[in-house]
């Protein structure tokens with residue numbers, strides 16, 4: 004007995020390592036006169052297995068196998084006959100001349116074995132094209148109304164393919180399909196409704212009438228009831244009159260009293276998702292969901308709380324009736340369900356019960372994973388924006404959460420929450436900034452730490468006592484990596500720029516970074532120290548930002564920068580610093596004569612003048628004429644772009660003058676014909 008089990012297990016495992024070539028070779032036994040049906044069943048099983056596993060047969064291989072299979076119709080074994088039907092169906096998309104099996108399949112369709120009849124219908128419908136459809140119409144229509152539900156189901160499912168091939172032809176079968184829709188004792192009713200929907204899916208009024216016909220019917224077949232609910236939802240999503248909409252809603256409401264929990268939930272979900280549903284229907288949904296919350300089945304409870312969570316965003320007053328039921332779910336063993344309950348409570352929270360909800364969440368957070376905590380933090384943020392008077396309570400709650408360990412996404416959500424409170428509640432700004440300062444003392448996420456530095460640099464200088472944050476920021480320069488040190492230098496520079504009283508002390512701290520081991524930190528320290536020291540040129544500081552401003556008099560080609568720097572290194576003895584003015588002077592001397600395509604002048608220029616013009620020589624003239632841009636800072640000039648073909652009668656060139664808030668397009672039109680004046 005044990006040996007027999009081992010052999011059976013070995014044979015089963017062998018099937019998973021079948022090779023296509025060996026299976027194709029085995030199919031040649033179908034032509035052997037002495038072959039047995041059991042051996043053919045084994046080979047056909049292997050063939051079906053490799054095809055279902057994704058093996059691709061060539062046209063010649065599939066055709067050869069198909070003709071070999073046709074010889075097996077001489078056997079009377081029902082299992083072998085059904086395997087032949089399945090194999091023909093799988094080979095129908097590849098093999099040639101497969102239509103010759105039609106007569107054999109039609110003969111099987113009229114036999115006595117119901118299983119063979121059903122499989123023959125499926126195979127015949129798979130190999131039939133639109134031109135052959137009238138020839139088998141009578142057989143398919145008879146199969147649809149057959150007393151055997153398996154045969155009717157096979158005909159209905161196979162007819163779905165015909166609907167995509169010849170939909171007008173299938174419409175002639177509506178009477179037969181409608182008869183099956185009345186049969187509520189088997190799954191064929193669901194297939195009939197599916198085929199009916201596919202036929203009428205582009206006829207809005209027909210679908211409305213289809214649902215109205217069964218508006219007061221209690222479907223016994225669960226998939227059929229769910230399918231009709233979804234058809235009703237589609238009808239309600241389209242523009243229909245009030246009377247028709249009421250019929251659809253009444254049908255869905257009728258499904259709320261179905262004996263199956265699945266159908267009831269589908270109806271509740273449909274009413275919750277449809278826009279503009281009257282309150283009386285939603286009240287019934289909430290009542291059903293309250294019953295579901297007390298179900299011993301986890302799936303039922305989860306479906307109820309997820310639906311209530313969805314509805315709480317639009318109808319918090321209705322869901323508030325379920326507050327006590329939702330609170331009881333916080334101790335549920337399923338943490339996904341409990342998280343949904345917490346999220347729903349936060350969405351329906353009011354000014355009177357926020358304190359109690361926060362107290363419940365405090366003990367709950369330690370029991371859930373970080374992914375669920377992220378969801379709760381987002382909902383807490385929305386609740387804080389809704390009730391700014393409770394910001395102090397939320398900030399105290401976040402303080403505890405920030406001190407715990409967590410991943411980058413979780414900590415980022417908490418920092419965003421603190422930033423929101425800082426922006427929305429001026430009286431809590433000091434406390435929120437101190438909380439962030441405490442957080443950066445022990446933050447293991449470099450990217451988040453740099454973001455906090457940016458927040459401190461932006462909000463810290465405007466606080467009541469900005470000096471208290473300097474120590475925390477400077478500690479990052481002493482203890483953190485080079486990226487954090489560079490960000491801390493920028494943050495300190497913001498304090499020196501916006502708080503004159505702290506400028507001298509901050510410059511001392513920045514000067515200490517001159518000897519940092521990292522180039523980026525040293526360069527930033529030297530840069531900001533130079534800009535912020537007492538004798539710095541004020542034109543380098545603008546709009547509370549540390550930027551270098553190039554005015555219209557300082558339009559420098561990048562190549563000129565490189566040439567001027569190279570000249571400074573090779574010729575200068577280092578007694579004078581390298582300045583922007585030196586680059587400008589060097590450019591004026593060494594810049595080559597611009598090409599005619601770079602000319603800027605009036606709207607239309609003669610050819611000789613356009614060749615001598617330069618964008619740098621006329622920019623001041625342009626700026627003087629455009630008084631509207633007096634307050635706008637000039638950025639740069641783009642390269643000239645030709646808008647016409649080279650062989651055109653005239654050449655149009657576009658040059659863009661880019662400012663901080665505006666872009667000026669200058670068009671140059673040049674005549675390319677020497678013997679004509681344009």
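Residue numbers (our numbering): 4 to 681. Cβ coordinates follow ideal geometry from the N, Cα and C atoms, glycine included.
Note that the C-beta distance between residue 91 and residue 69 is below 9 Å.
For residue 573, same chain residues with a beta-carbon under 6 Å away, outside a window of 5 residues either side, do not exist. Here DSSP, grouped into helix, strand and coil, assigns residue 320 to helix.
Beta-bridge annotation (DSSP): residue 670 is paired with 657. Here the alpha carbon of residue 675 sits roughly 32 Å from the alpha carbon of residue 662. Of the candidates 667, 677, 666, the residue whose Cα lies closest to the Cα of residue 652 is 677. Beyond the five residues adjoining it in sequence on each side, residue 222 comes within less than 6 Å, by CB distance, of 228 in the same chain, given in chain order. The bridge partners DSSP lists for residue 644 are 657. Of 443, 290, 411, 291, the smallest CA-CA separation from residue 377 is found for 411.
Secondary structure of residue 88 (DSSP, three-state): helix.
In the three-state DSSP reduction, residue 420 falls in the helix class (H, G or I).
Between residue 285 and residue 273, the gap from beta carbon to beta carbon reaches 9 Å or more. The three-state secondary structure of residue 662, taken from DSSP, is strand. By the C-beta density criterion, residue 292 is buried, having at least 16 other C-beta atoms within 10 angstroms. In this structure, the beta-carbon distance from residue 341 to residue 371 falls below 9 Å.
If you check the CB distance, residue 301 and residue 346 do not come in under 9 Å.
The C-beta distance from residue 180 to residue 195 rounds to 5 Å, short enough to meet the 8 Å contact threshold.
Contact between the segment 163-181 and the segment 206-215 is absent, with fewer than three C-beta pairs closer than 8 Å. For residue 506, the enclosing alpha helix (DSSP H) starts and ends at 506-514. Of the other Cβ atoms in all chains shown, fewer than 16 fall within 10 Å of the Cβ of residue 450; this residue is therefore exposed. Exclusion of the five residues before and after residue 363 leaves 330, 333 as the residues of its chain whose Cβ lies within less than 7 Å of its Cβ. Annotation: the continuous alpha helix (DSSP H) that includes residue 157 extends over 152-168.
According to the DSSP secondary-structure assignment, residue 639 is paired through a beta bridge with 661. Between the alpha carbons of residue 170 and residue 97 lies a distance of about 25 Å.
Distance from the Cα of residue 108 is smallest, within the candidate group 93, 94, 126, 116, for 126.
Residue state for residue 650 is assigned as coil, using DSSP reduced to three classes.
Buried is the label assigned to residue 673, since at least 16 other Cβ atoms lie within 10 Å of its Cβ. Contact between residue 270 and residue 251 is absent: CB atoms are separated by about 12 Å, not below the 8 Å threshold. Classified as exposed, residue 533 has fewer than 16 neighbouring CB atoms from the shown chains inside 10 Å of its CB.
In this structure, residue 344 places its C-beta atom within 9 Å of the C-beta atom of residue 335. Pairing residue 409 with residue 454, the inter-Cα distance amounts to about 17 Å.
For residue 271, the enclosing alpha helix (DSSP H) starts and ends at 264-276. In this model, residue 313 and residue 352 are separated by some 15 Å (Cα to Cα). At the C-beta level, residue 385 and residue 350 come within 9 Å of one another. The segment 19-36 makes contact with the segment 56-69, as at least three CB pairs between them are under 8 Å.
Taking residue 521 as the centre and dropping the five residues before and after it, the same chain places the C-beta of 485 closer than 6 Å to its C-beta, in chain order.
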